[in-house]
Amino acid sequence: MNQILDFEGKGKKRKEVLDENQYQNTENISNSNYYNEYSSNENREYNQKGINSYNETYFDGLNMDFNRPNKKVIFLKYLTIFLIILTVLAFGFIVYTINKNDAETKKQNAIKDKISIEISEQNNKVSLKVVAKNAIDKIVYSWNGDTEKEQVINGDGRYEVNESSIDIPTGSNQITVTAVDNKGNRETSSKSFERENGKDIEKPVININSTSGIISIEVKDNVELKDVKYQWSDSKAETLLPKADSKTVLKFELKPKEGDLTLTLTATDTAGNVMKKEENFKGVVKPKIDVKVNSDNSKILINVTHPVGLKSVEYSINGIEYSKKYTDVDTDSKDSTIVQELNFGNNTIRVKATSVEGYESKEFTGTTTRPLPTSNPITTPGGAVIQ
């Protein structure tokens with residue numbers, strides 16, 4: 000019985016031991032679960048803190064907080080502006096690169112199409128050497144910038160042109176040379192020369208002045224005139240020579256012709272320089288004269304007309320001169336009729352008129368006879384007859 004009791008006691012004790020172990024295991028399991036749950040919560044909290052800390056650290060550099068919507072909008076605006084500026088800069092860089100390439104290309108083409116001009120002196124004359132990459136079209140040169148006296152040398156498709164026969168003028172002078180190729184490229188070069196006894200290259204100077212119906216002409220030359228020729232478009236040329244005591248100046252006058260005509264003047268000096276000048280004289284109209292007698296031949300009727308106006312009419316009968324002057328206020332200054340008594344017997348009439356412009360008419364000349372008066376005979380008481 001005691002054994003049974005001991006057995007029971009041992010069983011009870013063992014049960015107690017088992018219960019105690021179970022309790023400890025349960026406690027350990029609970030503690031383990033608690034630890035795992037605690038660790039999990041602690042890890043989640045730590046991880047969340049790490050993420051928040053990372054987000055704050057990252058976005059602090061941008062000074063942004065995505066938890067606030069208005070700052071997101073601002074960020075997008077700044078980003079858009081940045082992209083626009085970047086695009087503009089990129090476009091500008093592209094344009095700059097293209098323009099730079101074009102400039103380089105033009106520069107290379109200019110070098111490729113360059114024209115070389117060499118001006119020198121050989122044997123007391125100007126020597127030119129022009130070399131071009133393209134065919135030369137022409138070479139133009141002049142002294143002292145006088146374009147009216149330009150001389151032209153044809154290139155004729157050559158790539159090199161040499162000219163060594165250009166005379167150097169007297170004094171200090173500058174020659175300007177311009178070369179043009181067949182592509183329109185041009186190059187200009189100048190050089191000055193000094194010469195005490197050089198060539199006379201100055202052309203004569205022609206001055207034309209028209210007043211009061213008279214054309215006054217003056218021709219001058221710096222050295223010596225050879226001759227002067229003038230020609231109306233409806234006639235042959237006439238030649239005038241300078242006087243022996245005045246070789247540098249020639250003056251003369253011409254009367255204009257009726258109608259629209261061109262006067263051509265050509266002056267040549269002893270060095271061979273030639274100056275040509277033309278001038279048109281339009282609407283030159285001379286007064287027209289018409290002379291008639293009345294029915295009994297006792298008077299003449301002189302009719303004179305001019306579209307601009309008359310200045311004067313001079314006429315004579317048998318050498319006795321008469322004159323009529325006109326002013327701007329006269330109503331008959333463009334169409335005037337003069338009535339003049341004739342002498343008995345023969346009458347010689349001369350009429351000449353001048354316009355306000357100074358143009359003179361051709362002189363009219365004519366004759367007419369005025370009959371002698373007739374009378375009835377008178378018989379005296381003695382039978383005599385008195386005529």
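Numbered according to numbering that gives the first Met the number 0, the sequence shown spans residues 0 to 386.
From the three backbone atoms N, C-alpha and C, an ideal C-beta is built for every residue, glycine too.
- Between the C-alpha atoms of residue 153 and residue 196 there is a straight-line separation of about 29 Å.
- C-alpha of residue 226 to C-alpha of residue 295: approximately 58 Å in a straight line.
- Assignment of residue 258 by DSSP, reduced to helix, strand and coil, places it in the strand class.
- DSSP places residue 167 outside both helix and strand once states are collapsed to three, so it counts as coil.
- With contacts defined by Cβ atoms closer than 8 Å, residue 237 and residue 261 do not form a contacting pair.
- Annotated three-state conformation of residue 186 is strand, per DSSP.
- Under a 10 Å Cβ-count criterion, residue 102 is classified as exposed, with fewer than 16 other Cβ atoms of the shown protein chains found around its own Cβ.
- Apart from sequence neighbours up to five positions away, the residues of its chain that approach residue 194 with a beta-carbon distance below 6 Å are 167, 169, ordered along the chain.
- Counting C-beta atoms within 10 angstroms of its own C-beta, residue 83 has fewer than 16 neighbours from the protein chains shown and is therefore classed as exposed.
- With fewer than three CB-CB distances shorter than 8 Å, the region 252 to 269 does not count as touching the region 292 to 307.
- If the five residues before and after residue 215 are omitted, its C-beta is found closer than 7 Å to the C-beta atoms of 208, 252, all from its own chain and listed in chain order.
- Taken in chain order, the whole beta strand (DSSP E) runs of length 3 or more contained in the region 129 to 183 are 135 to 142, 150 to 153, 159 to 166, 170 to 180.
- DSSP lists 348 as the bridge partner or partners of residue 365.
- When the Cα atoms are used, residue 324 and residue 272 turn out to be separated by approximately 48 Å.
- A residue is called buried when at least 16 other Cβ atoms come within 10 angstroms of its Cβ; residue 92 does not meet this threshold and is exposed.
- Look at the beta carbons and you see the region 365 to 373 touching the region 336 to 355: at least three pairs across the two are nearer than 8 Å.
- Cβ contact annotation for residue 161 (same chain, cutoff 6 Å, sequence separation greater than five): 128, in chain order.
- Take residue 151, set aside five residues on each side of it, and the residues of its chain with a beta-carbon closer than 8 Å to its own are 137, 138, 139, in chain order.
- Rounded to whole angstroms, residue 164 and residue 308 show a C-alpha spacing of 58 Å.
- For the 8 Å CB-CB criterion, residue 291 and residue 304 do not form a contact.
- Annotation note: the region 200 to 264 contains the following uninterrupted beta strand (DSSP E) runs of length 3 or greater, listed N- to C-terminal: 204 to 210, 213 to 219, 224 to 231, 237 to 239, 248 to 253.
- The beta carbons of residue 159 and residue 116 sit no closer together than 8 Å.
- Leaving aside the five residues that flank residue 266 on each side, the residues in its chain whose CB is nearer than 6 Å to its CB run, in chain order, 203, 205, 218, 227, 274.
- At a Cβ-Cβ threshold of 8 Å, residue 142 and residue 123 do not count as neighbours.
- It is roughly 57 Å from the alpha-carbon of residue 120 to the alpha-carbon of residue 89.
- In chain order, 219 place their CB closer than 6 Å to the CB of residue 248, counting only its own chain and leaving out the 5 sequence neighbours on each side.
- By the CB criterion at 8 Å, residue 306 and residue 283 fall outside the cutoff.
- Between residue 223 and residue 268, the gap from beta carbon to beta carbon is short of 8 Å.
- In the structure shown, residue 127 falls within a strand segment according to DSSP collapsed to helix, strand and coil.
- Non-local C-beta neighbours of residue 229 in its own chain, meaning closer than 6 Å and more than five positions away in sequence, comprise 237, 264, ordered along the chain.
- Assigned with DSSP and collapsed to three states, residue 270 falls in coil, not helix or strand.
- Going by C-alpha positions, residue 114 is about 48 Å away from residue 235.
- Between residue 189 and residue 210, the gap from beta carbon to beta carbon reaches 8 Å or more.
- In terms of CA proximity to residue 135, 178 leads the group 178, 100, 81, 95.
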